Amino acid sequence: MPPLEDRPKMSLQMWAALKSRIMRERQGKRSHQEADEAIKRTRPDPEWMRRASEMTLEEVRHETQRYEKRLRELKQEKQQLQMQLREVLRKEANGRRAPHGDVSDVDAA
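Following UniProt numbering, the numbering of the sequence shown begins with 1 at its first residue and continues without gaps.
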């Protein structure tokens, strides 16, 4: 087994530079970690987002049902109005075909 070699001792200047570099790296990691935590705090919780979207979906379903009900009501109203129109047109057509006694009396006078 080869004898262990002693590595040369670091100078104080080199030691200070290495220490300051390690401290900067640790500080950088710490600041990145704090920034990530801040982002996580500001970002909504995924569980909350899921519940909010479900509520939104439920609200959309409810609104859709309301609109479908309104559509059915409007279709019924349209059908009633069309029936009334047909009845009025039929009465008007029957009135034209019937002899007008009043008009002939006015002409004779």
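Yeah, the Cβ is synthetic: ideal placement off N, Cα and C, and Gly gets one too.
This structure is a prediction, so every number in the text was calculated from the model and none was measured.
Item to complete: Determine the DSSP secondary structure at M10, reduced to helix, strand or coil.
Response: coil
Worksheet item: In whole angstroms, what is the alpha-carbon distance linking E92 and Q82?
Response: 15 Å
Item to complete: Name the two residues that bound the continuous alpha helix (DSSP H) containing P46.
Response: P46 to R97
Discussion item. Please report the straight-line C-alpha distance between E63 and R24, rounded to a whole angstrom.
Written reply: 57 Å
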